[in-house]
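Below is one structure, written out as structure tokens, with a few remarks after it.
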Amino acid sequence: MTDIFKIASSSDFDTAALEIFCYQYIHCDVYRQWVDLLGVNPKKVSRASEIPAIPIELFKNKTITSFREKPTGYFQSSGTSGMANSHHYYRTLELYDRSAEEGFTRFWGSPKDYCIVALLPNYLKQGHSSLIHMMQLLINRSQCPEGGFFSEVSPALIELLHNHQSLGRKLLLFGVTYALLDIIEQGSYNLEDAVVFETGGMKGQREEMVKEELHKTLCKGFHVDVIASEYGMCELFSQAYSRGKGIFQTPPWMQIRIRDIHAPNRLLPDGRSGGIDVIDLANVDSCSFIATQDLGKLHSDGSFEILGRFDHSDMRGCNLMTEM
């Protein structure tokens with residue numbers, strides 16, 4: 004199978020995507036059923052843009068794997084109270100780890116250049132979090148003794164932020180949104196030479212904020228020019244990153260498409276808003292073609308914005324699978 008980490012052009016991506024599509028159509032029972040329900044003939048699919056995407060909702064009630072062995076583990080979504088969680092079963096984490104490390108390095112440089120601090124209390128509690136696994140991987144690669152996970156906004160964390168310039172390397176603070184707001188309410192900081200990531204939303208801890216207002220508040224509180232973000236989910240093996248202003252970019256083995264939410268088989272041109280489809284070629288052992296519940300907009304250079312989410316009832320056709 005094509006080495007996805009050597010993709011260097013759109014034709015390389017198409018070749019690898021078609022190869023993985025054929026493989027997953029044969030080996031992933033749920034995906035094959037979905038493609039057949041859509042009436043798509045795999046032999047007539049000639050470009051990555053023509054490959055059907057499976058509704059992400061199916062990860063809540065189906066085992067979506069492209070291998071026959073017993074899974075060695077799974078990632079689980081954080082979900083919302085009262086809602087079913089998604090499960091992403093895996094055979095091995097070799098591709099996940101390589102995708103996470105190489106993807107981070109492409110955008111930010113080597114983890115060894117940073118002291119990485121992760122403030123993700125709710126994720127630490129839930130278990131089976133892909134985000135926690137990724138952060139643990141990056142923290143291990145960083146090898147900074149002062150870095151690591153914090154379960155709360157503690158005096159030790161605040162002291163570390165105030166004295167980060169003595170660490171001898173750049174600080175990277177990766178925090179869930181409500182916890183970052185908790186930090187800046189306890190004082191002001193000068194992190195102008197650091198990278199601050201926000202992820203995960205309010206998780207019921209605070210009222211939701213408009214993203215522009217949130218980032219403006221965090222920039223002022225941490226004294227940084229921009230707030231970085233990561234776009235990933237438990238159903239994927241790769242991540243996209245934003246260096247600021249809500250514009251995300253993908254690594255070469257990951258692509259975003261925008262679909263019409265009222266006609267999911269119809270893709271929209273650049274600049275139009277619609278549902279986000281993700282092609283994640285690292286997700287070989289599950290399904291690489293996923294229709295998310297996120298709303299977004301794609302730009303001509305391949306970058307994209309996230310505009311919000313839509314209700315699962317708009318995932319047309321999903322009920323066909325759940326009834327099987």
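Using the working numbering, read the sequence shown as starting at 4 and increasing by one per residue. Beta carbons are placed, not taken as given, at the ideal position from N, Cα and C, and that holds for glycine. Small disclaimer: the values here were computed from a predicted structure and weren't measured.
Report the option in Pro148, Met236 and His302 whose CA atom is closest to the CA atom of Glu60.
The residue you call residue 60 lines up with position 57 of the sequence shown. Closest by alpha carbon: Met236.
Taking the beta carbon of Asp297 as the centre, do at least 16 other beta carbons fall within 10 Å, making it buried, or is it exposed?
By one-based count along the sequence shown, residue 297 stands at place 294. Result: buried.
Cα separation between Ser84 and Leu176?
Looking up residue 84 in the sequence shown gives position 81. Looking up residue 176 in the sequence shown gives position 173. Residue confidence is low: Ser84 scores 49 on pLDDT, short of 50, so the model does not pin down where it sits. Its coordinate-derived value is still stated next. Distance between the alpha carbons of Ser84 and Leu176: 27 Å.
Taking DSSP as the reference, what is the three-state secondary structure of Asn268?
Locating residue 268 in the sequence shown gives position 265, where the first residue counts as 1. Strand at Asn268.
Considering only the beta carbon of each residue, do Thr145 and Phe78 sit closer than 8 Å?
Numbered from 1 along the sequence shown, position 142 holds the residue referred to as residue 145. Numbered from 1 along the sequence shown, position 75 holds the residue referred to as residue 78. In the sequence as displayed, the identity of residue 145 is Ser instead of Thr. In this structure, Phe78 does not lie closer than 8 Å to Ser145 by Cβ.
The segment 212-230 in contact with the segment 255-267 per 3-pair CB rule at 8 Å
no
Cα-Cα separation, Pro148 to Tyr126
The residue labelled residue 148 in the question sits at position 145 within the sequence shown. The residue labelled residue 126 in the question sits at position 123 within the sequence shown. Near 22 Å, if we compare the C-alpha coordinates of Tyr126 and Pro148.
If you follow the alpha helix (DSSP H) that Lys47 is in, where does it begin and where does it stop?
For the purposes of this step, residue 47 is taken as residue 44 along the sequence shown, with counting starting at 1. Lys47 -> no alpha helix (DSSP H), and no H or E assigned at all.
Compare the beta carbon distance of Thr253 and Ser232 with 8 Å and say whether it is the shorter of the two.
In the sequence shown, the residue the question calls residue 253 occupies position 250. In the sequence shown, the residue the question calls residue 232 occupies position 229. It is not a contact, given that the beta carbons lie outside the stated cut-off.
Please work out which residues of its chain come closer than 6 Å, Cβ to Cβ, to Val198, disregarding the five sequence neighbours upstream and downstream, and give them in chain order.
Indexing the sequence shown from 1 puts residue 198 at position 195. Excluding residues within five positions, the ones whose Cβ falls inside 6 Å are Leu175 and Ala231.
Tyr234 versus Phe292, Phe307 and Val287, residue with shortest Cα-Cα distance:
Numbered from 1 along the sequence shown, position 231 holds the residue referred to as residue 234. If we check each option's Cα against that of Tyr234, Phe307 comes out closest.
State buried or exposed for Thr180, treating a residue as buried only when at least 16 other CB atoms are found within 10 Å of its CB.
Locating residue 180 in the sequence shown gives position 177, where the first residue counts as 1. With 16 or more Cβ atoms within 10 Å of its Cβ, Thr180 is classed as buried.
Opposing strand residues paired with Pro58 [DSSP bridges]
The count along the sequence shown starts at 1 and reaches residue 58 at position 55. Residue pairing for Pro58: DSSP places it in a beta bridge opposite Ala294.
Excluding the five sequence neighbours on either side, which residues of its own chain have a C-beta within less than 8 Å of the C-beta of Ala87, listed in chain order?
The residue you call residue 87 lines up with position 84 of the sequence shown. These residues qualify, in order along the chain: Lys63 and Asn64.
Jot down the residue ranges of each uninterrupted alpha helix (DSSP H) in the segment 163-225, minimum 4 residues, whole runs only, in chain order.
Taking only runs of at least 4 residues, the alpha helix (DSSP H) segments lying wholly in the segment 163-225 are 180-187 and 214-225.
Give me the residue from Ser13, Asp273 and Lys214 with the minimum Cα distance to Leu310.
Locating residue 310 in the sequence shown gives position 307, counting from the first residue. Minimum Cα distance to Leu310 is reached at Lys214.
DSSP has Lys300 in a bridge; who is on the other side?
Against the sequence shown, residue 300 aligns to sequence position 297. Its beta-bridge partners are Ser276 and Glu308.
Helix, strand or coil at Ser232 [DSSP, three-state]
As a working mapping, residue 232 is identified with position 229 in the sequence shown. Ser232: strand per DSSP, three-state reduction.
From the DSSP output, in three-state form, read off Ser14 for me.
Within the sequence shown, residue 14 is the residue found at index 11, counting from 1. Helix at Ser14.
Short Cβ contact (8 Å threshold) for Leu221 with Tyr192
As a position in the sequence shown, residue 221 is number 218, starting the count at 1. As a position in the sequence shown, residue 192 is number 189, starting the count at 1. For Leu221 and Tyr192, no; Cβs fall outside 8 Å.
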